[in-house]
Structures are given as structure tokens and as C-alpha cells.
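Protein chains in written order, with the numbering used here: chain A, 1 to 230; chain B, 1001 to 1230. Don't be surprised by glycine CBs; every beta carbon is placed ideally from N, CA and C. Quick notes on the structure that follows.
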DNA sequence: AGGGCCACTGCCAAGTTCCGGCAGCAGCCT
DNA sequence: AGGCTGCTGCCGGAACTTGGCAGTGGCCCT
């Protein structure tokens, strides 16, 4: 087995563990000796893979993915850089930070003249008007999307009408004027859209909703006429 | 020398050639035998590196970069994916296609459950109003930025005032309402901003301007109070 | 504290892979 | 056609990897 494939297999096995796994078990899973496993772990850690191992406990991998060597064209790198700038202006601070870090990782391994060129990239993203409440709401809503739990909030509609809502969040839409949450609304018993800047008193519940968000997403995309992307 | 480092060096040497380079010269540059070079080329081509070799001519590398194995967190992958969606909605078809291809390359090597998860990513970018003229202008302007040549166009200002302009393009700003070109204007002898949707008769010259765009960019950023990014 | 389990490192012989030289084939250019 | 070039298979020697062993040190439980 090529070493690179073994590395990916190692990481994949680690990724699937719910608790620490011993070196002996991991080596058996991959089909190598314990001595070779120690060597492999050492190489991976040297590559920046966040594997933690403690005597008497075993190995744990922090969430993440090792991408194998990939070839990108200059235009593709440029598109990724511009994309990171868009995320940086339009999203919450956590996603912004993630975009910055991802781009920094790519820049760090590019040839010097190319990363210099990207620093002088002539494509900028203008500032987006988003108040602090909305910026604070975005990570909460993203968390609800990820964990598929109910969200509650009070909503001021277009006409100024005030209402309390309990919803199953489906998606966030980033529009030119506003960020919008698409959700299944229990009050209206149908899919509704809510401008995030008109939400207040956002509450994340710990109750998981059914059906799965994936199902609701499919429904929403059909209803909105949104084609399946990538 | 580790094989991965040698591969990167090989690509770097190839990248710097202006015309085809023979295998013999390339091998000498890297410090390996011709037989080993043939083996390395074979491995790189197998990894998708676009190296072309023809008997009697030599080797040519199509523009691009081989990124070594990189570790990304789930949030970083999510940020890259959202960024690609932003570029897809806000930019010209060429940059859009590059964003799509870059993301597809990343998705292709992620574990299946993760690329599935990204397909169901609940972050969408709403459509942006951009007419066909503007969409057609963007690649031209990007080309002018890249090659640092003059641009000519007729411009209809805010008040309806019509004027002919010859400019040194500095940067494109993607705002919520419009795409804006920041450029040194020869008519006004200063930096000016032009909404791209108000430009007509765009003409790309083949005359290179001085000072270098990098210098103008620095000036513009100072003037606009834009901090150095990433 | 002691014992068992665990991660980790150095060492060495055996096994595996890589390297360079050679021969031969085929393509391109003059 | 001839010279130069890319490409592949083969083989012996060089370099690297592997697994077993011994020893060190940390963590957890009794």
C-alpha cells in the first residue's frame, strides 16, 4: 500500500472513533505493526494533523480533513481568495475566521511570487451593513442548522406586525439587502422566510426536530425553484 | 531528499520556464538521473499535474500549483464552500467556473459523508442583479488588472453626465448594489471610482501603464483607509 | 505506592522499494 | 535520413521501510 493511502486510511479510522482508540487496535485496523504505527503518527503530526496521544488512554483526532496533494489553476486560487473575502464581509466572525485561516493555509504553501500576487489581488468586497444583533444571531442559527434543533424568536414583519415564532431552520440565504432564514414555521404550518435583522430574542432549543433538515431542504429548493448545486 | 519535496521542486522549475525544457536539463537542475525524472513525471501526471512532454521538444507545465497535503477543519471547508457560492453569484462566468472547479476538486477527495453534508449545506447566496453588459465587462476589466494595461470607456455619471475616460485600473470592489472599478483617471489626474454598470464601449489597450498597479493599489488603500488583508 | 496498560524511541536484521545505467522503441524537427 | 528527444523494461546496487525487541515514562485504578 502506498504510504499516502495508508495515511488517509489512518485518519479515516481515527475520524470515525467516538472515543480514544489504542495504538494496538489502530494498527490492527490498518494492518501494520505497532512500531510502524508510531512512525506514521509521527509523520502525520509533523504534517500538522491534530492527533493527540496519551499513555494509558489512546489516540484522538481533532475534527478535520487531510486533503491529498491537489492541483489548482491560478484562476481557481483567485476564486478561492475572492470567496474568502466575500465570506469575510458577509458572515459572522466565526465563519470569517475560518475563511481567513483556510486561505492562510493555502497561501503558506504557494510559491512566494504567487502568494505575493494574491496579496495584491485587485478584487475587493465592500463592507456589508449588518448590526451587532444580526452578527450575533448568525452563529446561533448556523448551530441550529447543524444540530437540527428548533429555534424560537419574536418577529417584526414588513408591516410592523409582531409575532412569536417557533421554527425548524432549513437554510440561510445571503441576499444583497439582508440575510434571510428559510424555516418551517409551526405557527403557519408551512415554509416561511424571515429576515434575520427583524428577529429578536433568539432561543436555541435542545429539542431535535423531524423530519431531517435534508428533507426540508429538498422541499424548500423545489418550492423556490433552486437547482441542485455542486 | 523526500519525494514530496522533490516533486514540488520539479514543478517549481517547470513553472519558471518560458519555453519547453528537455528532460536532461530538468534532471540536472533537480539533481537526479534522467531515468528517475521519467519516473517522477509519471507519478506527477498520475496525480493530475498537467505536464506535457513531446519527443524532440521537451516538457511544458500548464499554469497551476500543486498544493501539498493540507489539513482543514470542518468550519474551514464550510467557509470555502460558502465563498465559492458567493463568487458564483457575484462574479463573471469565468471566475464562477473556476470557483466551481476548485470546490469540486476539494469535494472529490473528502470522505463521502462529508461531501454529502456539504451538498446539504444550509448556506445559500441569493441572486445578484447584474446585466449582461456588466457581466461581459468583468473578465475584460480583470484582464486589464492582471496585465496592467490602460482601459478606455464612456461613462455616464450619477447626474447623467456623459464623459470619455482613459484609466489605469487598480481594483474591483464588489458592493451590495454594484461592482465598482477603482482606477487612476487620466482626465481627472487622480483616483476615481466608476460603477461598472455605467460603463460603455469598454476598450482594452495593449499599452502597459506605469507605475505598477501594486503601487497604485497601495495608494488607493491608503486613501480609502483599507487595511492590508490576509 | 504498585501494577497494568498505554504512548514513545532507539536499534538491528530482513524485506521492500528506489535509483542509475543500459538497451531499445517511437516521435519531432531540420 | 540523422540527431535529438520522450518513454519503458530490466537489473544490480543503494537506500529506505518494516517488525520485533528492549527500555523509558505517563495515566488510571486499586
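Item	Value
Would you mind working out which of A:213, A:128 and A:59 sits nearest residue 235 of chain A, comparing C-alpha positions?	Here chain A comprises residues numbered 1 to 230, so residue 235 of chain A is not present and cannot be evaluated.
Going along chain B, which residues have a C-beta under 8 Å from residue 204 of chain A?	Within chain B, no residue comes near residue 204 of chain A; the closest Cβ sits about 15 Å away, beyond 8 Å.
Just how far apart, CA to CA, sit residue 161 of chain A and residue 190 of chain A?	19 Å
Could you give the residue range of the alpha helix (DSSP H) that holds residue 43 of chain A?	34-46
Quick one: what's got a C-beta closer than 8 Å to residue 217 of chain A's C-beta in the same chain, skipping five residues either side?	170 and 171
Under a CB-based cut-off of 8 Å, is residue 130 of chain A close to chain B?	no
On the DSSP bridge list, what partners appear for residue 58 of chain A?	A:54
For the alpha helix (DSSP H) containing residue 146 of chain A, name the first residue and the last one.	132-147
Would you please verify whether the beta carbon of residue 1078 of chain B is less than 8 Å from any beta carbon of chain A?	yes
For the stretch 1015-1026 of chain B and the stretch 1058-1068 of chain B, state whether three or more C-beta atom pairs, one from each stretch, are separated by less than 8 Å.	yes
Could you list which residues in chain B have their beta carbon closer than 8 Å to that of residue 191 of chain A, in chain order?	Within 8 Å Cβ-Cβ: nothing; residue 191 of chain A doesn't reach chain B, min ~13 Å.
Any C-beta of chain B sitting closer than 8 Å to the C-beta of residue 32 of chain A?	no
If distances are taken between C-alpha atoms only, which option among B:1039, B:1005 and B:1103 comes closest to residue 1087 of chain B?	B:1103
Just to confirm the assignment, what range does the beta strand (DSSP E) spanning residue 207 of chain A have?	199-208
Counting Cβ pairs closer than 8 Å, one from the stretch 117-135 of chain A and one from the stretch 196-212 of chain A, do we hit at least three?	yes
From the DSSP output, in three-state form, read off residue 191 of chain A for me.	strand
Strictly by DSSP, which residues pair up with residue 125 of chain A?	B:1174
Check whether the stretch 116-127 of chain A touches the stretch 1174-1182 of chain B, counting contact only when three or more Cβ pairs, one atom from each stretch, lie closer than 8 Å.	yes
Report the rounded CA-to-CA distance for residue 1185 of chain B versus residue 1155 of chain B, giving the unit in angstroms.	12 Å
Using the rule of at least 16 other Cβ atoms within 10 Å of the residue's Cβ for burial, across every protein chain shown, is residue 1168 of chain B buried or exposed?	buried
Out of curiosity, what's the CA-to-CA distance linking residue 98 of chain A and residue 1034 of chain B?	44 Å
List, in chain order, every chain A residue whose beta-carbon is nearer than 8 Å to that of residue 1098 of chain B.	73, 75, 76, 78 and 79
Could you check how far apart the C-beta atoms of residue 118 of chain A and residue 202 of chain A are, in whole angstroms? I think they sit under 8 Å.	The pair is not a contact, with the Cβ atoms about 37 Å apart (cut-off 8 Å).
Is residue 1227 of chain B close to chain A, meaning its C-beta is less than 8 Å from at least one C-beta of that chain?	no
Between which two residues does the beta strand (DSSP E) harbouring residue 67 of chain A extend?	65-67
Taking the continuous beta strand (DSSP E) assigned at residue 102 of chain A, which residues delimit it?	First-last for residue 102 of chain A: 93-109, but that is the alpha helix (DSSP H), not the beta strand (DSSP E).
Any contact of the stretch 77-96 of chain A with the stretch 1038-1055 of chain B, i.e. 3+ C-beta pairs under 8 Å?	no
Find the nearest neighbour of residue 31 of chain A within the set A:157, A:5 and A:215, judged by alpha-carbon distance.	A:5
Can you tell me whether DSSP reads residue 1049 of chain B as helix, strand or coil?	coil
How many Å lie between residue 1108 of chain B and residue 1115 of chain B at the Cα?	8 Å
Helix, strand or coil, according to DSSP, for residue 84 of chain A in the structure here?	helix
Report the neighbours of residue 1125 of chain B on chain A: residues whose CB is nearer than 7 Å to its CB, in chain order.	174
If you measure from the beta carbon of residue 1200 of chain B to each beta carbon in chain A, is any gap under 8 Å?	no
Taking Cβ to Cβ, would you say residue 70 of chain A is nearer than 8 Å to residue 1105 of chain B?	yes
Checking contacts by CB at 8 Å: is residue 1219 of chain B closer than that to chain A?	no
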